[in-house]
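Novice:
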Amino acid sequence: MENHESTGRRSFLRAAVLGAAALALSGRDLLAAQGASAAHGGPGDDMPDAAKKVLREHFGARPIKDGHVSLDLPEVAPDSREVPIFIETDLPMDPDHYVKAIHLVVDHNPDIYVAGFELTPALGKASIDTRIKMRRSSQVRAIVETNRGELWWAHKLVYTTLNGCV
Amino acid sequence: MTPVAGPLTGDARILLPPGIQKDSVIYVRALVAHPMYTGFSRDENGALIPEYYIKTVEITYGGRRVARFTWTSGISRDPYVAFPLRAPHEGPLHIAWTDTKGRVYTQTAAIAFGG
Chain A
0 MENHESTGRR SFLRAAVLGA AALALSGRDL LAAQGASAAH GGPGDDMPDA AKKVLREHFG
60 ARPIKDGHVS LDLPEVAPDS REVPIFIETD LPMDPDHYVK AIHLVVDHNP DIYVAGFELT
120 PALGKASIDT RIKMRRSSQV RAIVETNRGE LWWAHKLVYT TLNGCV
Chain B
0 MTPVAGPLTG DARILLPPGI QKDSVIYVRA LVAHPMYTGF SRDENGALIP EYYIKTVEIT
60 YGGRRVARFT WTSGISRDPY VAFPLRAPHE GPLHIAWTDT KGRVYTQTAA IAFGG
């Protein structure tokens, strides 16, 4: 009985937090969300110039295509100091065709290029599970690079409630 | 709110699943205790805490490098990472985390079949 009660309270608290997060979204964030859903294709979508620059520095003019990457992230991050992220791809990990690296980019973070994970076929599969910090609501992008130079990505808008740059 | 780096900094762990089968792909989980300061947070006196974080992670299996990660302070405090690994042979899995002060934290786990 006691157990049941505490579970109920916790889910109520969770609902309250999510509600507050929804209220805290500014008009600008909502516009960004619309832009994101409308934008598909290359890096020329709703990205801020600073993020585009980071992509150019890392990948030059190579096109980044949608597909082959699945990105698991919360829609609303309750704690922006620890946002769980899971990146997975169905691309092969064969000696002659494999995922050479997974790159992680957060458009509105102070360090836009958050991390690079260099992989080898010895891993057998390509996925990364980790936790990142976010300064504010932002597109989070996972870019998968193969040894043949192909670039695939997935991106997702994540809403945050607090600055996680600790 | 953020405690200063304590004696636990650098405490590193590798978690492997039980009963590893030859040639299977397992998921390796790795943790290291580190404050991962961005350079934007302040201590209790209001002074900025300098940037200090794990910069590279090197993973070798049986003496051969299988992965290498490059991080910034955008990775959360006490960094956690999980990645796949094919296990064709028994041998040591070694992980070395290097931070921006050049300190290296290491941990080794034995990949062994059965269990």
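Keeping their order, the protein sequence lines are chains A and B. Residue 163 in numbering that gives the first Met the number 0 sits at position 164 of the first sequence, and the numbers go up by one each step. Residue 104 in numbering that gives the first Met the number 0 sits at position 105 of the second sequence, and the numbers go up by one each step. Just so it is clear, CB atoms sit at the ideal spot from N, CA and C, and this is done for glycine as well. From a predicted model like this one, the values you see are computed outputs, not experimental measurements.
Assign Thr105 of chain B to one of two classes, buried (16 or more other C-beta atoms within 10 Å of its C-beta) or exposed (fewer than that).
Specialist: Along the second sequence, one-based indexing puts residue 105 of chain B at 106. It is exposed - the Cβ of Thr105 of chain B has fewer than 16 other Cβ atoms within 10 Å.
Novice: Kindly indicate if chain A contains any beta-carbon less than 9 Å away from that of Gly18 of chain B.
Specialist: Here residue 18 of chain B refers to the residue found at position 19 when the second sequence is read from its first residue. Answer no: the Cβ-Cβ gap between Gly18 of chain B and chain A never drops below 9 Å.
Novice: Does the pairing of the segment 107-119 of chain A with the segment 72-81 of chain A give three or more beta-carbon distances under 8 Å?
Specialist: By the Cβ criterion, the segment 107-119 of chain A is not in contact with the segment 72-81 of chain A, since fewer than three pairs of Cβ atoms, one from each stretch, lie closer than 8 Å.
Novice: Taking a contact to mean a Cβ-Cβ separation below 9 Å, would you say Asp71 of chain A touches Ile84 of chain A in this structure?
Specialist: Stepping through the first sequence from its first residue, residue 71 of chain A is reached at position 72. Stepping through the first sequence from its first residue, residue 84 of chain A is reached at position 85. A contact, by the Cβ cut-off of 9 Å.
Novice: Answer yes or no: does any C-beta atom of chain A fall closer than 9 Å to that of Met0 of chain B?
Specialist: As a working mapping, residue 0 of chain B is identified with position 1 in the second sequence. At Met0 of chain B, the pLDDT of 41 sits below 50, so the modelled position is not reliable and the matter cannot be decided from this model.
Novice: Taking the alpha helix (DSSP H) that Lys54 of chain B belongs to, which residues open and close that run?
Specialist: By 1-based counting over the second sequence, the position of residue 54 of chain B is 55. Taken as a continuous stretch (DSSP letters only), Lys54 of chain B belongs to no alpha helix (DSSP H), being part of the beta strand (DSSP E) at Ile53 to Tyr60.
Novice: With a threshold of 16 other CB atoms inside 10 Å of the CB of Asp42 of chain B, please say whether the residue is buried or exposed.
Specialist: The sequence position of residue 42 of chain B within the second sequence is 43, counting from 1. Asp42 of chain B is exposed by the Cβ-count criterion.
Novice: Buried or exposed: Val103 of chain B, going by 16 or more other Cβ atoms within 10 Å of its Cβ?
Specialist: As a position in the second sequence, residue 103 of chain B is number 104, starting the count at 1. Classification of Val103 of chain B: exposed, given that the 10 Å Cβ count is below 16.
Novice: For Asp98 of chain B, which residues in the same chain have their Cβ closer than 8 Å to its Cβ, ignoring the five residues on either side in sequence?
Specialist: The count along the second sequence starts at 1 and reaches residue 98 of chain B at position 99. Counting only Cβ-Cβ distances below 8 Å, and skipping sequence neighbours, we find His33, Tyr51, Tyr52, Ile53, Lys54 and Tyr104.
Novice: Expressed to the nearest angstrom, what Euclidean distance is found between the alpha-carbon atoms of Gly18 of chain B and Ile110 of chain B?
Specialist: Taking the first residue of the second sequence as position 1, residue 18 of chain B is located at position 19. Taking the first residue of the second sequence as position 1, residue 110 of chain B is located at position 111. Roughly 10 Å between the two C-alpha positions.
Novice: In chain order, what residues of the same chain lie with their CB nearer than 8 Å to the CB of Leu47 of chain B, ignoring the 5 residues before and after it?
Specialist: Counting from one through the second sequence, the residue named residue 47 of chain B turns up at place 48. Here the set comprises Gly38, Phe39, Ser40 and Arg41.
Novice: Use the C-beta contact count for Arg134 of chain A: other C-beta atoms within 10 angstroms, 16 or more gives buried, fewer gives exposed.
Specialist: As a working note, residue 134 of chain A is residue 135 in the first sequence. So Arg134 of chain A counts as buried.
Novice: For the segment 57-96 of chain B, list the beta strand (DSSP E) runs that are entirely contained and at least 3 residues long, ordered along the chain.
Specialist: 63-70 and 79-85
Novice: Alpha carbon to alpha carbon, how far is Pro16 of chain B from Phe112 of chain B?
Specialist: Position 17 of the second sequence, counted from the first residue, corresponds to residue 16 of chain B. Position 113 of the second sequence, counted from the first residue, corresponds to residue 112 of chain B. Distance between the alpha carbons of Pro16 of chain B and Phe112 of chain B: 11 Å.
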